[in-house]
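Residue numbers (the working numbering), protein chains in the order written: chain W, 37 to 184; chain G, 37 to 184; chain P, 37 to 184.
We treat Cβ as the ideally placed atom computed from N, Cα and C, and that holds for glycine.
In what follows, a structure is listed as structure tokens, so that the remarks can point back to it.
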Amino acid sequence: MNVIELKSTEKNELIDITSKIAELVNLYKPNASTLLIYIPHTTAGITINECYDSAVSYDILSAMNTIAPSNKNYRHMEGNSDGHIKTVLFGNQVLIPICDGKLMLGKWQGIFFCESDGPRNRKVYVQFLKVETEIKNPRSFKECLIKS
Amino acid sequence: MNVIELKSTEKNELIDITSKIAELVNLYKPNASTLLIYIPHTTAGITINECYDSAVSYDILSAMNTIAPSNKNYRHMEGNSDGHIKTVLFGNQVLIPICDGKLMLGKWQGIFFCESDGPRNRKVYVQFLKVETEIKNPRSFKECLIKS
Amino acid sequence: MNVIELKSTEKNELIDITSKIAELVNLYKPNASTLLIYIPHTTAGITINECYDSAVSYDILSAMNTIAPSNKNYRHMEGNSDGHIKTVLFGNQVLIPICDGKLMLGKWQGIFFCESDGPRNRKVYVQFLKVETEIKNPRSFKECLIKS
Numbered sequence: 037m038n039v040i041e042l043k044s045t046e047k048n049e050l051i052d053i054t055s056k057i058a059e060l061v062n063l064y065k066p067n068a069s070t071l072l073i074y075i076p077h078t079t080a081g082i083t084i085n086e087c088y089d090s091a092v093s094y095d096i097l098s099a100m101n102t103i104a105p106s107n108k109n110y111r112h113m114e115g116n117s118d119g120h121i122k123t124v125l126f127g128n129q130v131l132i133p134i135c136d137g138k139l140m141l142g143k144w145q146g147i148f149f150c151e152s153d154g155p156r157n158r159k160v161y162v163q164f165l166k167v168e169t170e171i172k173n174p175r176s177f178k179e180c181l182i183k184s
Numbered sequence: 037m038n039v040i041e042l043k044s045t046e047k048n049e050l051i052d053i054t055s056k057i058a059e060l061v062n063l064y065k066p067n068a069s070t071l072l073i074y075i076p077h078t079t080a081g082i083t084i085n086e087c088y089d090s091a092v093s094y095d096i097l098s099a100m101n102t103i104a105p106s107n108k109n110y111r112h113m114e115g116n117s118d119g120h121i122k123t124v125l126f127g128n129q130v131l132i133p134i135c136d137g138k139l140m141l142g143k144w145q146g147i148f149f150c151e152s153d154g155p156r157n158r159k160v161y162v163q164f165l166k167v168e169t170e171i172k173n174p175r176s177f178k179e180c181l182i183k184s
Numbered sequence: 037m038n039v040i041e042l043k044s045t046e047k048n049e050l051i052d053i054t055s056k057i058a059e060l061v062n063l064y065k066p067n068a069s070t071l072l073i074y075i076p077h078t079t080a081g082i083t084i085n086e087c088y089d090s091a092v093s094y095d096i097l098s099a100m101n102t103i104a105p106s107n108k109n110y111r112h113m114e115g116n117s118d119g120h121i122k123t124v125l126f127g128n129q130v131l132i133p134i135c136d137g138k139l140m141l142g143k144w145q146g147i148f149f150c151e152s153d154g155p156r157n158r159k160v161y162v163q164f165l166k167v168e169t170e171i172k173n174p175r176s177f178k179e180c181l182i183k184s
């Protein structure tokens, strides 16, 4: 398993880790695989969304703050219940297909580490999963493209 | 990797793609596997929920519109921040176990493509992941059924 | 595939199933793998979050009840639309890396079955996915630890 270490600098922050993940994929160069990114924390998650206009990250963080404001009267006394709630909503893992050695992110997609109780030192676990390649495919790729 | 092409017709829409996915599973007939469905977009996601009463989809879309109304004053200027936020909440991937060649969806479960900025032409990526079958199971399936 | 049976006792409840999952991992003792937990229901999901202070679960359930109150005027007539909405937000599957036979949960992480329409008899599916182990790693683990 591979570990990436991060240092967040804000309480709430979407940190673009796409290039770090691409670096790892380039290191192993798996032909066909699926990449698992797993966050071992309870107040930080991971999501995939637009990485070109940083205003998108701002709007996502704002929406999360509306759902889970930091100053609400929570039962958990450590002052970071908002971070736990946001992490449940972000999720703490993503999978991305790898095809012909290429991470199959969509055109506008980037991978964001979702800090919700920073600043902290954080870890990101990365695994490569095996895909079925020996399945006899009775049709060509083109035929497998199912149009509706 | 397999690609399914879709055409959404509404701004916000849950499109039931269960039969298309079942068609693909039937094409490959893997014995034991896990199906990965990955959406390469930033304003469309995927979820698994009830597919029998369409009122459930209506209620899910309504809840998403309450969390991320389209007419709010967002920073991202393309007019689709609500779609980005909803996609973070839906998530952009799901996994479904395949056992004895059968997609292990629960009785009421269907697979929904979650359009949040349509109408658009969209893609759905599908991969089959390998599962551990050669692990020596020291107990029978029945014994592995852990009751609480 | 492995099945765990559960009995929930509340309408909304986070049930800690970490020890049951650990029992299953101990039964198979895979060296390197990824564990998939899949919930085959439409009003129950799964999440990973803090399992030490039960006040965290309370705050998470409260936030979900604010997003999807049970007494709202929903279109779905079975009285459990709130449970469907919450399940979309929780998600119905998680993956956890296994490394050297050990479930790589973070220090504060526990695995929670998210009941949103109980009390009910429920099922949890568990699969072990194969990871790439034969990939030639050109650097040692330490070098693969990418610091930012």
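Check, Outcome
"Comparing the C-beta of Phe177/W with each C-beta of chain P, is any distance below 8 Å?", "For Phe177/W, the predicted model reports a pLDDT of 40, less than 50, meaning its position is unreliable; a value from the coordinates is still stated below. Answer no: the Cβ-Cβ gap between Phe177/W and chain P never drops below 8 Å."
"Determine, using beta-carbon pairs with one atom in the region 92-101 of chain W and one in the region 105-124 of chain G, whether at least three such pairs fall under 8 Å.", "yes"
"If I follow the unbroken beta strand (DSSP E) through Leu165/P, where does it start and stop?", "157-165"
"Would Phe164/G be called buried (16 or more neighbouring beta carbons within 10 Å of its own) or exposed?", "buried"
"Are the region 50-65 of chain P and the region 59-75 of chain G touching by the rule of at least three beta carbon pairs closer than 8 Å?", "no"
"Report the CB separation of Asn85/G from Phe148/G in whole angstroms; it is logged as a contact under 8 Å.", "6 Å"
"Where does Gly142/P sit, in a helix, a strand or coil, going by DSSP?", "coil"
"Give me the chain W residues within the contact set of Lys166/G, using Cβ-Cβ distance strictly less than 8 Å, ordered along the chain.", "Leu165, Lys166, Val167, Glu168"
"How many angstroms separate the CA atom of Ser90/W from the CA atom of Lys56/W?", "18 Å"
"May I ask you to list, following chain order, the residues of the region 71-104 of chain W that have a beta carbon less than 7 Å from some beta carbon of chain G?", "Thr83, Ile84, Asn85, Glu86, Asp89, Ala91, Val92, Tyr94, Asp95, Ile96, Ala99, Ile103"
"What does the alpha-carbon distance come out to for the pair Ser176/W and Asn67/G?", "Only weak support exists for where Ser176/W lies, its pLDDT of 40 falling under 50; the coordinates are left without a value."
"Rounded to the nearest angstrom, what separates Lys159/G and Ser106/G at their Cα positions?", "23 Å"
"Residues of the region 126-141 of chain W in Cβ contact with chain P at a cutoff of 9 Å, in chain order, please.", "Gly127, Asn128, Gln129, Leu131"
"Residue ranges of each alpha helix (DSSP H) run of no fewer than 4 residues wholly in the region 64-115 of chain W, ordered along the chain?", "90-103"
"Who are the Cβ neighbours of Leu141/G in its own chain at under 8 Å, not counting the five residues just before and after it?", "Thr54, Ile84, Ile132, Ile147"
"Does the distance from the CB of Ile103/P to the CB of Ala99/G come in under 8 Å?", "yes"
"Are Cys150/G and Ala80/G closer than 8 Å when you measure CB to CB?", "yes"
"So what does DSSP say about Ile53/P, is it helix, strand or coil?", "coil"
"8 Å is my cut-off, CB to CB: does Pro66/P come that close to chain G?", "yes"
"Taking just the CA atoms, how far does Thr123/P sit from Gln129/P?", "10 Å"
"Using a Cβ-Cβ cutoff of less than 8 Å, which residues in the same chain neighbour Met37/P once the five nearest sequence positions on both sides are dropped?", "Tyr161, Val162, Gln163"
"Which residue comes first and which comes last in the beta strand (DSSP E) that contains Lys43/G?", "38-43"
"Assuming Lys166/G and Glu168/W form a contact by the criterion Cβ under 8 Å, report the distance between their Cβ atoms to the nearest whole angstrom.", "6 Å"
"Of all the options Ser69/G, Val39/G, Gly119/G, Ala58/G, which has the alpha carbon lying nearest to the alpha carbon of Glu46/G?", "Gly119/G"
"Using the C-alpha atoms, what's the distance from Glu59/W back to Asn157/P?", "45 Å"
"Return the CA-CA distance between Ser44/W and Tyr64/G, expressed in angstroms with no decimal places.", "44 Å"
"Here's the rule I'm using: 16 or more other beta-carbon atoms within 10 Å means buried, otherwise exposed. How should Gly127/W be labelled?", "buried"
"Once DSSP output is grouped into helix, strand and coil, what is the label at Glu59/G?", "helix"
"Quick check on the burial criterion: 16 or more other C-beta atoms within 10 angstroms. Buried or exposed for Asn116/G?", "buried"
"By DSSP's criteria, Glu151/G is part of a beta bridge. Which residues make up the other side?", "Glu49/G, Ala80/G"
"Just the Cα atoms here: how many angstroms apart are Cys87/G and Leu125/W?", "22 Å"
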